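Residue numbers (UniProt numbering): 1 to 242.
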């Protein structure tokens with residue numbers, strides 16, 4: 001601080017100097033964004049011994065730093081919490097745990113999708129069976145086990161000697177997406193029939209509700225008429241007594 005403030009911080013000279021410095025630094029900090037050349041030719045004289053009018057933004061920053069140092073020296077030190085770093089084996093264990101959780105979630109989602117598709121799968125009729133069965137021109141991948149038995153001479157058919165083809169991703173996608181893109185007449189008829197049944201059920205429910213509402217309306221009107229008649233009778237009796 002100012003040498004006057006080192007002897008007595010509550011003295012009049014120290015208080016005046018502090019107020020002037022605060023005003024000066026406030027103006028300098030406000031204009032620091034516009035003044036690019038504030039520290040171009042900086043004076044190395046300590047800001048404590050400078051005139052207030054000659055102070056720059058750099059001097060205000062120095063005073064601010066000195067004030068922070070004095071406040072930190074006077075205040076008790078705060079207890080710092082130190083966290084130990086993870087060891088290499090702990091990091092590897094965490095990565096393995098995260099990967100296992102992700103794989104478990106993927107497996108659960110896949111099984112859930114399979115169960116949902118199995119529940120929502122419509123019954124297969126003759127038309128769908130004809131579509132799903134292979135045509136006569138297309139040969140099966142592998143003949144059934146009954147045809148692969150050796151004949152009287154002990155020879156095995158050549159088709160049975162071929163290895164089984166592995167179903168790849170393309171075959172799996174075709175098997176899953178085939179019911180989505182096949183729209184035969186049977187499926188359209190079932191959908192139309194279900195739509196008509198839903199409309200019929202909705203019509204029946206609407207008629208039932210209309211009957212219920214009309215009955216309630218007639219009851220309310222009858223009750224209102226009876227209340228009016230009773231009020232008229234009461235008024236007539238009162239007038240006849242007078």
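Note that beta-carbon positions come from the ideal geometry of N, C-alpha and C, so glycine has one too.
Here the structure is a predicted model, which is why all the values come from computation and not from measurement.
Whole-angstrom distance between residue j and residue i, CA atom to CA atom
i	j	result
residue 60	residue 12	21 Å
residue 5	residue 24	18 Å
residue 88	residue 107	29 Å
residue 194	residue 204	15 Å
residue 290	residue 216	No information on residue 290 is available, as it lies outside the stretch 1 to 242 that the chain covers here.
residue 188	residue 219	47 Å
residue 202	residue 229	41 Å
residue 98	residue 91	11 Å
residue 65	residue 72	11 Å
residue 96	residue 116	30 Å
residue 68	residue 18	15 Å
residue 198	residue 226	42 Å
residue 127	residue 196	For residue 127, the predicted structure reports a pLDDT of 43, less than 50, and the residue's modelled location is therefore unreliable. The matter cannot be settled from this model.
residue 100	residue 170	27 Å
residue 10	residue 16	10 Å
residue 79	residue 109	Only weak support is given to the placement of residue 79: the predicted model assigns it a pLDDT of 47, under 50, and the value that follows is read from those uncertain coordinates. Rounded to whole angstroms, residue 79 to residue 109 spans 48 Å at the Cα level.
residue 94	residue 111	26 Å
Three-state secondary structure assigned by DSSP to residue i
i	result
residue 85	coil
residue 55	coil
residue 9	coil
residue 168	coil
Selected residue, minimal CA-CA separation from residue i, among the options
i	options	result
residue 172	114, 102 and 99	114
residue 54	20, 209 and 9	20
residue 63	231, 26, 236 and 94	26
residue 22	210, 209 and 52	52
Short Cβ contact (8 Å threshold) for residue i with residue j
i	j	result
residue 57	residue 104	no
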